[in-house]
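Chains as they are written, first to last, in the working numbering: chain F, 3 to 604; chain W, 218 to 325.
Cβ coordinates follow ideal geometry from the N, Cα and C atoms, glycine included.
Source: prediction; values computed, not measured.
Below you'll find the structure, written out as structure tokens, and then a few comments.
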Amino acid sequence: MRERIPSGFDPFVLPFLIGIGFVLLYCALAAMRVLWQCPREDRRRFFLSLITPTTALRNLWDIFANCLIHVKLWRRNKLLGFMHSSIAFGWFMIILLGHLEVFLFVPHRLNLFYYPIFFNYFVAETDTSLRGAFLFFLMDFFLLLILIGIGLAIVKRVRSRLFGMRRTTRPSFLDTVGLYSLWLIFPLRLLAESFTASISGGSFLVKPLNWLLEAVLGSQFLLNPANNLPTWWAYSIVLGVFMVVLPFTRYMHIPTEMMLIPMRNAGLRIRHARRGYALLEVYSCPGCGVCIDACPMSVKKANIKDCTVYLNRQIRRGNERRIEEISDKCLLCGKCTEVCQVGVEGPALRIFQRARRQYAVNPDYAAVNVAPPESVGKVLYFGGCMTALTPSIGRSMESVLGKLGIDYTWMDRDGGICCGRPMLQAGRFPQAAEMVRKNTELIKASGADTLLLSCPICYKMFRDHYKLPGIRVVHHTQYFEELRRSGVLKLSKSDLCYAYHDPCELGRGCGVYEEPRALLGSAAYIVEAEKNRGESICCGGSLGSLSLGFQQREAMTRRALENLTVAGPDAIATACPLCRSTFARYSSIPVRDIAEVVDLSL
Amino acid sequence: MDFGFSLSPSSAIDLDKVDLSLYRRLEQTVPDIRNCIACGSCSATCMAADYSGMSVRKLILNLQRGADVKKMLSCCMLCGKCTMVCPRGINTRKLILDVCRYYSDEKV
Numbered sequence: 003m004r005e006r007i008p009s010g011f012d013p014f015v016l017p018f019l020i021g022i023g024f025v026l027l028y029c030a031l032a033a034m035r036v037l038w039q040c041p042r043e044d045r046r047r048f049f050l051s052l053i054t055p056t057t058a059l060r061n062l063w064d065i066f067a068n069c070l071i072h073v074k075l076w077r078r079n080k081l082l083g084f085m086h087s088s089i090a091f092g093w094f095m096i097i098l099l100g101h102l103e104v105f106l107f108v109p110h111r112l113n114l115f116y117y118p119i120f121f122n123y124f125v126a127e128t129d130t131s132l133r134g135a136f137l138f139f140l141m142d143f144f145l146l147l148i149l150i151g152i153g154l155a156i157v158k159r160v161r162s163r164l165f166g167m168r169r170t171t172r173p174s175f176l177d178t179v180g181l182y183s184l185w186l187i188f189p190l191r192l193l194a195e196s197f198t199a200s201i202s203g204g205s206f207l208v209k210p211l212n213w214l215l216e217a218v219l220g221s222q223f224l225l226n227p228a229n230n231l232p233t234w235w236a237y238s239i240v241l242g243v244f245m246v247v248l249p250f251t252r253y254m255h256i257p258t259e260m261m262l263i264p265m266r267n268a269g270l271r272i273r274h275a276r277r278g279y280a281l282l283e284v285y286s287c288p289g290c291g292v293c294i295d296a297c298p299m300s301v302k303k304a305n306i307k308d309c310t311v312y313l314n315r316q317i318r319r320g321n322e323r324r325i326e327e328i329s330d331k332c333l334l335c336g337k338c339t340e341v342c343q344v345g346v347e348g349p350a351l352r353i354f355q356r357a358r359r360q361y362a363v364n365p366d367y368a369a370v371n372v373a374p375p376e377s378v379g380k381v382l383y384f385g386g387c388m389t390a391l392t393p394s395i396g397r398s399m400e401s402v403l404g405k406l407g408i409d410y411t412w413m414d415r416d417g418g419i420c421c422g423r424p425m426l427q428a429g430r431f432p433q434a435a436e437m438v439r440k441n442t443e444l445i446k447a448s449g450a451d452t453l454l455l456s457c458p459i460c461y462k463m464f465r466d467h468y469k470l471p472g473i474r475v476v477h478h479t480q481y482f483e484e485l486r487r488s489g490v491l492k493l494s495k496s497d498l499c500y501a502y503h504d505p506c507e508l509g510r511g512c513g514v515y516e517e518p519r520a521l522l523g524s525a526a527y528i529v530e531a532e533k534n535r536g537e538s539i540c541c542g543g544s545l546g547s548l549s550l551g552f553q554q555r556e557a558m559t560r561r562a563l564e565n566l567t568v569a570g571p572d573a574i575a576t577a578c579p580l581c582r583s584t585f586a587r588y589s590s591i592p593v594r595d596i597a598e599v600v601d602l603s604l
Numbered sequence: 218m219d220f221g222f223s224l225s226p227s228s229a230i231d232l233d234k235v236d237l238s239l240y241r242r243l244e245q246t247v248p249d250i251r252n253c254i255a256c257g258s259c260s261a262t263c264m265a266a267d268y269s270g271m272s273v274r275k276l277i278l279n280l281q282r283g284a285d286v287k288k289m290l291s292c293c294m295l296c297g298k299c300t301m302v303c304p305r306g307i308n309t310r311k312l313i314l315d316v317c318r319y320y321s322d323e324k325v
């Protein structure tokens, strides 16, 4: 290969240079801003993690698997995964191979930013470049891959169902500009390269197109700079446009995710609604809209615009009215996070938006005096507010524990203090912390070594937000399953067939999927719901939502019931008092808590 | 002159004089508030009733009368039991949060 343009420069590279200069500067400033906004200890943790070999390797692997290959999208839908990874990985390879070409053939040009991108314009093929032939083949292969990906993307605009998506996001105006310029980049590259392919060479894609153009337009026409330069100009301009609009479109997720992954691996979490790590999550949202189909609220068309993808968009726009509306409505079931390919924590983001609100009346529990539980045994049972409202669960718990002869104390049998989770979810952190403090005192004073809970909402709170050294926090499904394994709890299997509903807080919240199933499986037969485990559908009764009214929730509960009863079970079993009472309201078959099922089979 | 006893102040409420601006505002943000039938289910289940005399039924009544609600709210834990038992489906948690938000000491 030899250089065709001695100066190594042509004005057509300018739009590209302006674009890449702008986007790199923007990203560098944004990254510094995020780092500056993070608390000092978070920053330290982040830098330390970057020089820790294991974390650094994990970062590289995660970036490769998530940003380039889109592993999570492949798991969701093969076609969707192929479409995204063909564009992302193909583009990456073209850039990489472009640099390799420059490195191999014109190494003194490696300092020029644009050279690898417009390599085929600046060089002419000589007859001694077999290695080049191989690289040309790879270049054309990846260009073809990208073009297939873009073809699929165009099909997806019209028939998203083929890609496993019922609903997709409505792009904003700038998103559309970004989208069309992205779609144009690669066909224009192909055109530009095929105009000059008789000089610079090419492979199975570029060459035939060059022959075709020659046949139609004549080779003199193609070789005339007045005709082939405009194609390179067009390619450069489209690249420039894409990069200039990138920071203001959903494509900002490409650079942001590369920073989000190392920060998440370093153990950083959201600490502020609009600063630091939270900003990274917001800007990492690719706006794919997978969360729209997943959201339990989207059964009602009116709620579609309240999904996490729109929350991220509104936070970017700073539309306070909509941010408040979206944050307050959410059930905080966590399903959007479960299905999200970049792991945007919709619920946590919303809780922090709620926490920004100022209240004129602030509850204070300092004066509340609750008598510490009289200690009987080593097991302290905390039913929580929701168990108090579903007395049958409390009775079953008492009955089972009694039959097994376990010494226990029911901490809040005659009322007590809430675990604090609903208050925390409402974003009122100081009040929640006050309740945590009160309960911690009571629990520590009891001298128990096991805290048993029958409500997953409380379980999540005690597990994650309380400091109870030496005290084991356990949900009743885990506790009973352990007793069953050790042979203390002997269940007789009834011939009833249950569908098990994974409560949001127990499943997605705490990752407890197996114990309830094992326990239920030894007491009855189980059928699975259509969507289960991590993708189970919230019952609609969640305390997470502040503004959803009773009537608005009905459609959600009915949809969740439909999903549960697909296999035609005799009854529904769940492990959450709130789910139980919500389902019982509309279900045509009995709804029982696992404690009740265990009690019946004991 | 001290007689060793005093008359208790009148508990009559003059609805023409009390400030109902908070209630009017809540009627906008939580329209369900008008559906309350004062059945008292919320009072019966309330966790904070023992500590601060909290009761959503009484809260709504006091709001309609322009009376003070700050004290009873001081121990509400937002646990949501009142919402779950309400036969009229009133979103009591939103009501409570909105009272906390829009409350103003100056009105009394």
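Beta-carbon proximity list for residue i, same chain, < 6 Å, skipping 5 on both sides
i: F/L270; result: D44, Y279
i: F/F24; result: V246
i: F/K302; result: A557
Cβ neighbours of residue i in the same chain (closer than 8 Å, five flanking residues each side left out)
i: F/L48; result: Per the sequence shown, residue 48 of chain F should be read as Phe rather than Leu. L37, C40, P264, M265, A268, L270.
i: F/Y361; result: R430
i: W/G270; result: K288, M289
i: F/G472; result: D451
i: W/V316; result: L239, L243, L276, L280, V286, L290
Any C-beta of chain F under 8 Å from that of residue i
i: W/Y268; result: yes
i: W/N308; result: yes
i: W/T249; result: In the sequence on display, residue 249 of chain W carries Asp and not Thr. Yes, because at least one Cβ of chain F sits closer than 8 Å to the Cβ of W/D249.
i: W/C317; result: yes
i: W/G297; result: yes
i: W/K287; result: yes
i: W/L237; result: no
i: W/V302; result: yes
i: W/S260; result: no
i: W/Y320; result: yes
i: W/C253; result: no
For residue i, the residue or residues it bridges with in DSSP
i: F/V593; result: F/I574
i: F/C499; result: F/Y527
i: F/E5; result: F/V125
i: F/H477; result: F/L455
i: F/W412; result: F/Y383
Buried versus exposed call for residue i [16 or more other C-beta atoms within 10 Å across all chains shown]
i: F/P55; result: exposed
i: F/E322; result: exposed
i: F/G220; result: exposed
i: F/P8; result: exposed
i: F/W63; result: exposed
i: F/H255; result: buried
i: F/T178; result: exposed
i: F/S298; result: Looking at the sequence provided, one finds Pro at residue 298 of chain F rather than Ser. With 16 or more other Cβ atoms within 10 Å, it is buried.
i: F/A1; result: Nothing about residue 1 of chain F can be read from this structure; chain F reaches only from 3 to 604.
Identity of the residue in the options nearest residue i by Cα
i: F/V475; options: F/I152, F/L455, F/P349; result: F/L455
i: F/E376; options: F/N61, F/V568, F/D409, F/D366; result: F/D409
i: W/P248; options: W/D267, W/R305, W/C317; result: W/R305
i: W/L295; options: F/L224, F/Q427, F/S494, F/V529; result: F/Q427
i: F/Y481; options: F/P232, F/A597, F/K469, F/S590; result: F/A597
i: F/Y117; options: F/S183, F/S547, F/E103; result: F/E103
i: F/A562; options: F/L164, F/P424, F/A531; result: F/A531
i: F/E436; options: F/S590, F/P365, F/N226; result: F/P365
CB contact check: residue i to chain W, cutoff 8 Å
i: F/Q553; result: yes
i: F/P424; result: yes
i: F/V438; result: no
i: F/F14; result: no
i: F/S583; result: yes
i: F/V606; result: Missing from the structure shown is residue 606 of chain F; chain F here goes from 3 to 604 and no further.
Close Cβ partners of residue i (< 7 Å) along its chain, the five nearest in sequence each way excluded
i: F/T584; result: C541, G542, G543, T559
i: F/C581; result: H503, P505, C541, G543
i: W/G297; result: R310
i: F/V438; result: G422, H467, Y468
i: F/G509; result: Y515, R535, G536, S538
8 Å Cβ cutoff, residue i in contact with chain A
i: F/S549; result: The displayed structure is made up of protein chains F and W, and chain A is not among them.
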